[in-house]
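Structure first, then comments.
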Amino acid sequence: MEQQLLVFVTVVDKQNFSRAAEALHMTQPAVSQYIQMLERNVGTKLLNRNNKYVRLNKAGEIVYHHAKEILGLYTKMKNLVDDLTNTATGELSIGASYTFGEYVLPHIIARLREQFPLIKPTITIGNTHEIEELVNSNQIDLGIVEGEIKSKKLYIEDIAEDFMYIIVSAKHPFIKQEDLTLKALQEETWIVREQGSGTREATEGMFGKFQFSPKDMMEFGSTQIIKESVEAGLGVSLLSHWVIHKELKLQKLNILKIKGLPVIRKFSLVTPSTKFQTKASEIFIKLLRDKEGYDII
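Residue numbers (the working numbering): 207 to 503.
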């Protein structure tokens with residue numbers, strides 16, 4: 207009966223036997239047979255049809271209304287039973303930009319493996335543009351990025367906020383100064399990430415907001431190298447609070463108190479626009495949405 211109802215609802219929604227057959231990956235005669243079986247079961251005709259259209263009659267309207275409810279309940283029942291009887295398993299490919307991937311994601315993966323040890327995650331680290339391309343081409347299941355996503359084919363959901371601060375070495379002369387402005391750092395060497403990075407995008411956004419143009423910049427492709435360079439006194443940088451947490455505790459880096467800061471940006475979950483997801487993906491996304499999961503440092 208469930209298959210008969212599914213075929214019937216699809217025919218009504220598509221308003222055509224051929225389109226319904228295509229959607230269901232069935233032949234048109236098979237679709238017609240299921241409709242005839244359903245009409246025999248309920249004891250009356252349900253559809254008015256000709257060569258141009260398929261429409262519900264009064265009896266069909268009643269069956270259609272309840273069929274959608276029945277199918278919805280049946281699907282929910284199967285999902286609940288599946289959750290009880292099947293352990294989540296399988297591959298899960300995750301892409302993340304550097305900040306989230308290197309400093310936040312390992313903690314969430316640890317929670318995932320603790321609760322669902324048969325899920326096998328693989329992680330790809332890249333800048334926002336690279337992760338967007340991988341999700342877009344279906345090479346990974348999902349991505350977490352902090353930069354702007356340009357593709358209209360992807361589903362984007364904000365999942366966390368990131369606070370970014372200007373950092374300097376522990377011996378920098380501005381450490382104890384209050385009410386600094388960004389202009390005070392005009393003569394500093396700014397150490398920034400490469401183009402395409404979400405951190406670089408946030409840095410340039412800050413420059414634009416304060417109409418600030420540094421006289422000297424160095425571009426590095428690694429956040430770790432930037433931290434080491436700032437610690438060595440080579441310059442200043444704008445980095446996430448997640449990235450600099452340990453160095454602040456060890457007093458190797460310091461945050462400057464700049465008016466108008468910190469910069470606040472969003473981390474976003476990026477998935478293909480299709481509504482279908484593996485069970486492993488669904489479980490991981492639930493962990494991402496659990497805000498307690500970001501209280502990790």
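Virtual Cβ for every residue (Gly too), placed ideally from N, Cα, C.
What would DSSP say about L340, mapped onto helix, strand or coil? The residue you call residue 340 lines up with position 134 of the sequence shown. The answer is helix: DSSP assigns L340 an H, G or I state.
With 16 other CB atoms within 10 Å as the buried threshold, where does N333 fall? Locating residue 333 in the sequence shown gives position 127, where the first residue counts as 1. So N333 ends up on the buried side.
F369: buried (16+ other C-beta within 10 angstroms of its C-beta) or exposed? In the sequence shown, residue 369 corresponds to position 163, counting from 1. Classification for F369: exposed.
Alpha carbon of E354 to alpha carbon of K382, nearest angstrom: As a first step, residue 354 must be located in the sequence shown, where it is residue number 148. As a first step, residue 382 must be located in the sequence shown, where it is residue number 176. Rounded to whole angstroms, E354 to K382 spans 35 Å at the Cα level.
Distance, I397 Cα to A227 Cα: Numbered from 1 along the sequence shown, position 21 holds the residue referred to as residue 227. Numbered from 1 along the sequence shown, position 191 holds the residue referred to as residue 397. When rounded, the distance between both Cα atoms is 59 Å.
Measure the alpha-carbon distance for F380 versus V374 and round it to whole angstroms. If you number the sequence shown from 1, residue 380 lands on position 174. If you number the sequence shown from 1, residue 374 lands on position 168. One C-alpha to the other measures close to 9 Å.
Would you report the Cα separation of L459 and L444, rounded to the nearest angstrom? Position 253 of the sequence shown, counting from 1, holds the residue named residue 459. Position 238 of the sequence shown, counting from 1, holds the residue named residue 444. Straight-line Cα distance between these residues: approximately 12 Å.
Return helix, strand or coil for P468, following the three-state DSSP convention. Sequence index remark: in the sequence shown, residue 468 carries index 262 (1-based). Looking at P468 - three-state DSSP - the assignment turns out to be coil, as it is neither helix nor strand.
Please report the straight-line C-alpha distance between K492 and I365, rounded to a whole angstrom. Counting from 1 along the sequence shown, the entry for residue 492 is found at position 286. Counting from 1 along the sequence shown, the entry for residue 365 is found at position 159. So the alpha carbons of these two residues sit roughly 11 Å apart.
Just the Cα atoms here: how many angstroms apart are E363 and M243? The residue you call residue 363 lines up with position 157 of the sequence shown. The residue you call residue 243 lines up with position 37 of the sequence shown. Spanning the two alpha carbons is a distance of roughly 44 Å.
Sorted by chain position, which residues of the same chain lie with C-beta nearer than 6 Å to I502's C-beta, five sequence neighbours on each side aside? On the sequence shown, residue 502 is found 296 positions in, with the first residue counted as 1. Because I502 carries a pLDDT of 48, less than 50, the predicted location of this residue cannot be relied on, and the following value inherits that uncertainty. So the list reads H313, once near-sequence residues are dropped.
In chain order, what residues of the same chain lie with their CB nearer than 8 Å to the CB of A229, ignoring the 5 residues before and after it? Residue numbering aside, residue 229 sits at position 23 when the sequence shown is read from its first letter. Result list for A229: T216 and K220, in chain order.
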